[in-house]
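The structure appears right after this line, and notes come after that.
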Amino acid sequence: MDQVFYRKWRPRKFSEVIGQDSIVQTLCNAVNLNRIAHAYLFTGSKGSGKTSTARIMAKAINCRNPIDGEPDNECQICVDIDSMKSLDLIEIDAASHRGIDDIRSLKNNVNFKPTAGKYKIYIIDEVHMLTEAAFNALLKTLEEPPPHIVFILATTEVHKVLPTIVSRCQRFNFLSLKVEDIVFRLKKLSLDEGVEIGGDALLQVAQVASGSLRDAENIFERLILTYGSKLELETVQNALNVGYENESFDLIRYILCGDTKKCLEIIHTIEIGGNNLRFTHKTLLEYIRLVLHAKTSAEIISPLSDEKVKTIREWGKQYSLSRILYCFNRLLEIKFSRDLMDVLPFELGIVEASTDISNDIHNQEMDIKDSSNIRIDKNDNFGTGISEKKDNVDLIKQKVPEQKVPVSNNGNSSTVINNQDININLDNIEQLKLSQWNEILKFLRRSKGKRFNLSALLRVSVAQRIEKESLIISYKHPSHRNRLEEEIDDIAIRKVLEDAFEQFLGKKYIMQLEVAEFLKTEDKEKNLVNAAEELGAIVIGQVNHKSIQNE
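Residue numbers (my numbering): 4 to 554.
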C-alpha cells in the first residue's frame with residue numbers, strides 16, 4: 004500500500020534533514036565520538052523535523068555500520084526501525100498517554116535491556132501534554148536512567164514542560180523552515196514523483212505551509228490527487244485561494260510610492276476574487292522585508308524571479324530608509340479580528356502605510372516659510388486649528404514670550420497662559436513631529452503612575468512645543484494638567500517621562516505643563532450663541548476664527 008508523501012519521503016539520514024544544519028552537525032559528532040546523552044529535548048514548531056530527527060538518532064546510535072555518524076540504513080536494526088518493527092524503539096504519544104499510570108508502566112519497562120542494539124530509545128512526542136504528576140514520576144528516571152536507555156522528548160510548547168525536566172536534557176531548538184528550504188525539498192519531491200510544476204507554484208505551496216514541511220508535502224499531494232501530475236500556477240492559486248501574486252507585488256509598489264487610490268483598487272480586486280487577505284498581508288510583509296534588505300545592501304535570499312528581485316533592488320535605491328521602515332511598521336500593526344471583516348483592518352493599515360507623510364510635512368514647512376512673522380490674537384482659535392490638522396501634519400512649537408514661572412519646592416515648574424497675546428517667530432520654530440509624539444505615547448502605554456496611566460495623561464494634551472531646553476505640554480482643562488502634575492511630583496515618575504522624551508527626541512528636555520486659556524475661546528463663543536438662541540435671538544452673523552494653518 005502506498006504511503007502518504009510526508010511518510011514516504013521522511014528523511015532517513017541526518018543529511019536529508021533540511022533547515023537544521025547546526026543540530027544535525029552536533030548529533031553526528033555525538034555519534035562519532037560515542038558521546039551519547041541519556042536524554043534529549045527537541046523543541047520547535049510543527050513540521051520542523053523533530054520526530055524524524057529523533058528516529059534517525061535512534062538508528063544512528065544502534066546502527067552496526069555507521070558512516071561518519073550517519074546510519075547506513077542497510078543493517079537489520081535500521082531496516083526494523085524504518086519499518087516500525089524494532090523492539091528497541093518505543094514511541095509514546097504523550098497526548099493520549101499522559102497519566103501517572105502510563106509513566107509508572109514506562110519506569111517498570113526501562114529495566115529491560117535492548118533486544119538487538121546497544122540502546123533502547125524512548126521517543127515521547129508532545130511531552131508537554133503530560134500531567135504534573137506524570138512529570139514528577141518521570142523526573143527521577145530521567146535524571147538517572149539505566150545506561151542502556153536514551154530518552155528523546157519532543158514538544159511544540161516547551162514553556163509547558165517543567166523546568167526540572169528541561170534542565171536534565173540536552174535541548175535542541177528546531178527552527179521553522181524557510182520558504183526557500185521548503186521549495187528546494189518540493190522540487191526534489193516533484194522530480195521523484197514525475198510531477199511538472201513551476202517554481203512560482205511551488206513558492207505558493209511553501210508560503211501557505213508557514214514553515215512546516217509536513218504541511219507542504221500534504222498540500223502538494225492533495226494538489227496532485229486533484230489536478231494530476233501537471234500543475235500550473237493559476238491552478239495552484241485557485242486551489243489554495245491565494246492568487247493575485249502580481250497584484251500583491253503591485254500593491255507593495257503603490258504603498259511605497261504613496262498612491263492610496265491604486266492600493267484600494269487592488270485590495271478591491273483581491274477581495275472580490277475571494278482571495279485570502281491574511282495570506283496577502285503575509286506576502287506584503289515578505290516583500291517589504293526584502294526591500295529593507297535591498298536598502299541596507301544585505302543579500303536578498305528569495306525564490307522570487309530575477310525580474311522581481313531586480314525591481315526590489317531598485318525600490319531599495321529609490322526610497323529612503325525612513326520611508327521603508329514607516330511602511331514596514333504600519334504593515335506589522337495590521338491585526339485581523341474574528342469580529343470584523345478581514346478587509347476593514349487590512350484597508351485601514353494599507354491606507355496608513357501608503358499615506359506619504361513626508362509630503363505633508365514638506366508642504367507644512369513651505370507654508371511656514373511663506374509667513375515670516377505672524378501675530379496671533381487672543382481670540383484666534385490656534386489650539387483648535389492644531390487639533391483639527393494633527394492627523395495630517397506635524398505639530399508645530401509655539402514661541403511664547405518669557406514670563407514668570409512659579410516653581411514648586413521640589414523644582415517642578417508649570418506655566419499658565421492667561422489672556423496675553425502670543426507672538427510666534429516662525430524663523431526659530433523647530434517642529435515636533437506627530438510621529439515622534441505618537442511613538443512616545445506608544446512607549447508609555449504600559450507605564451502607570453501613582454494613580455493614572457502616564458500615556459493617557461499625555462494623550463489628552465492639545466499641543467506640545469519645544470522652547471529652548473524645555474518641552475512644554477499644553478492642556479485645555481486645568482484638571483488634566485493637575486493630574487499629571489500630581490504624578491510628576493514623584494521624582495521617579497518624572498524621570499520615566501523625561502527619559503522617554505530623551506529617547507525619542509534625541510535630547511534631554513525639562514518638562515513644563517501649562518493651561519492655554521485661549522483654547523477655550525471658541526467654547527465661550529458657542530455658549531453665548533446658544534444662550535442667545537434660547538432667549539429667542541436670531542443669529543445673523545458669526546465670526547469664523549481660522550487657525551494659523553488655514554491663513
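Ideal placement from N, C-alpha and C gives every residue a C-beta, glycine not left out.
- Taking C-alpha positions only, S482 is separated from V499 by approximately 22 Å.
- H162 is classed as exposed because its beta carbon has fewer than 16 other beta carbons within 10 Å across all chains shown.
- In the structure shown, V346 falls within a helical segment according to DSSP collapsed to helix, strand and coil.
- For the stretch 226-252, the full-length alpha helix (DSSP H) segments reaching 4 residues or more read 236-243 along the chain.
- The C-beta of E505 has fewer than 16 other C-beta atoms within 10 Å across all chains shown, which makes the residue exposed.
- The DSSP assignment places complete alpha helix (DSSP H) segments of no fewer than 4 residues inside the stretch 126-212 at 135-146, 166-169, 182-196, 202-212, in order along the chain.
- Cβ atoms of F507 and F446 come within 8 Å of each other, at about 7 Å.
- Contact check between the stretch 57-69 and the stretch 78-86: three or more CB pairs, one atom from each, fall below 8 Å, which counts as touching.
- In this structure, the beta-carbon distance from L516 to I469 does not fall below 9 Å.
- In this chain, the beta strand (DSSP E) harbouring S477 covers 473-478.
- Around L189, the same chain offers L205, V208, A209, A219, F223 as residues with beta carbons nearer than 7 Å, after the five sequence neighbours per side are excluded.
- Within a 10 Å sphere around the beta-carbon of E160 sit fewer than 16 other beta-carbons, which makes this residue exposed.
- Here T167 is exposed, its C-beta having fewer than 16 other C-beta atoms within 10 Å.
- The continuous alpha helix (DSSP H) containing A297 extends over residues 280-298.
- With fewer than 16 other beta carbons inside 10 angstroms of its own, A40 counts as exposed.
- Taking C-beta atoms as the reference points, P149 and N111 fail to come closer than 9 Å.
- Each of V211, T358, A503, E302 was checked against the Cα of T263, and the nearest Cα belongs to T358.
- In the structure shown, the three-state DSSP call for L328 is helix.
- DSSP places V499 within a helical segment (H, G or I) once states are collapsed to three.
- Per the DSSP secondary-structure output, Y43 pairs in a beta bridge with I155, Q173.
- Note on S108: under 16 other CB atoms within 10 angstroms of its CB, so exposed under the neighbour-count rule.
- About 7 Å separates the beta carbons of Q173 and A42, which is inside the 8 Å limit, making them a contact pair.
- As DSSP reads the structure, N456 sits in a beta bridge with K451.
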